[in-house]
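Counted from 1, the sequence shown has number 7 at position 14 by this note's numbering; the numbering is strictly sequential.
The C-beta atom is built at its ideal place from N, Cα and C for all residues, glycine as well.
None of the values given here were measured: they were computed from a predicted structure.
Written below as structure tokens is the structure these notes are about.
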Amino acid sequence: MTTYIVLANWTDQGIRNIKESPSRLDAVKKILADMSGSMQAFYLCMGDFDIVLVIEAPDDAVAARFALQVGQFGNVRTRTLKAFPEAAYREIIASLT
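The following block contains the structure:
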């Protein structure tokens, strides 16, 4: 599985309906699980982003489909980063010529 960091901000619609956000989070977790992915962490944040998710997905296409499907609901706008764990980082650096 590949790890992705999803940075999200509420839209006007999302913040207007903020009390529904826990049930929306549950729905998002199910959508990801149905795509053979999983949510590793959820953080409510202060600063440039309202939410940070750490997810795992089988590949980039699944991560993209997940972000698009979540975006369709209109409650958040997302940015997705592909993340390399420390072992992969060390392997990448070791392979430099």
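Please name the residue or residues paired with residue i in a DSSP beta bridge.
i, result
"N115", "The structure shown does not extend to residue 115, since the chain spans only -6 to 90, so no value can be given for it."
"I48", "Y(-3), M32"
"A60", "Note: A60 sits in no beta bridge, so no partner."
"A76", "T(-4)"
Provide the residue span of the alpha helix (DSSP H) that contains residue i, from first to last.
i, result
"S14", "14 to 27"
"F35", "Taken as a continuous stretch (DSSP letters only), F35 belongs to no alpha helix (DSSP H), being part of the beta strand (DSSP E) at 31 to 37."
"L89", "L89 -> no alpha helix (DSSP H), and no H or E assigned at all."
What's the gap between the Cα of residue i and the Cα of residue j?
i, j, result
"L18", "G7", "12 Å"
"G30", "T73", "15 Å"
"A60", "Y82", "25 Å"
If you compare alpha carbons, which of the options is closest to residue i?
i, options, result
"R12", "L0, L61, Y(-3), N68", "Contrary to the premise, residue 12 reads as Lys rather than Arg in this sequence. Out of L0, L61, Y(-3), N68, N68 has the C-alpha closest to the C-alpha of K12."
For residue i, is the beta carbon positioned less than 6 Å from some heavy atom of the ligand SAM?
i, result
"I85", "No copy of the ligand SAM appears in this structure; indeed no ligand is present at all."
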